[in-house]
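Asks: In the working numbering, the protein residues as written are 1350 to 1506.
Below you will find the structure I want to go over with you.
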Amino acid sequence: MEKKKNYLLLVLRGCAMGAADVIPGVSGGTIAFITGIYEELIESIRSINLKALRLLGTFQLKEFWKHINGNFLISVVAGIAISIFSLAKYLLETHPLYIWSFFFGLIIISALMVSREIKKWDILTITSLIVGAIIAYTITVLSPTSTPNDWWFILLS
């Protein structure tokens, strides 16, 4: 029962990642980082390599699934898909202020978490922080350009 509960939590984390992917300027990776699954996600994606393809090509499906951490990946991807195709669009259309506020809070939390990882605050670190803040602000006040609304452009973006 414990494993199913864990996979349900992974699906919910995937839902949060999917919702973040729908919001312009917010990344599903940010959510993965905040929820503590970022490292495992990166390692699982990285494990889809030549060895995994060999296992798949020789129909060693159980070994392939274990090698790529399939249960983890399928849980997270299922959550992302559920969120993108249902929840996120509905919430954005019906409660945009709450959604934007929530994701702004997530950005602040992730910035604080990253700042804790900085061991030494020197002039280069502080300069980088200031330059990054200026660039981020500049991007937010620029006039938007028109972009195609076609599916291929959204997928490419």
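Just so it is clear, CB atoms sit at the ideal spot from N, CA and C, and this is done for glycine as well.
1) My output table needs one value for Trp-1470: the three-state DSSP class, helix, strand or coil.
2) Count the other CB atoms within 10 Å of the CB of Phe-1502; is the residue buried (16 or more) or exposed (fewer)?
3) Please classify Gly-1363 as buried or exposed, where buried requires at least 16 other C-beta atoms within 10 Å of its C-beta.
4) Give the list of continuous beta strand (DSSP E) stretches no shorter than 3 residues that lie fully inside the stretch 1427 to 1452.
5) Taking DSSP as the reference, what is the three-state secondary structure of Thr-1494?
6) How would you write the range of the alpha helix (DSSP H) that Thr-1407 sits in, first residue to last?
Replies: Once the coordinates are examined:
1) coil
2) exposed
3) buried
4) none
5) coil
6) Premise fails: Thr-1407 is in no alpha helix (DSSP H) and is neither H nor E.
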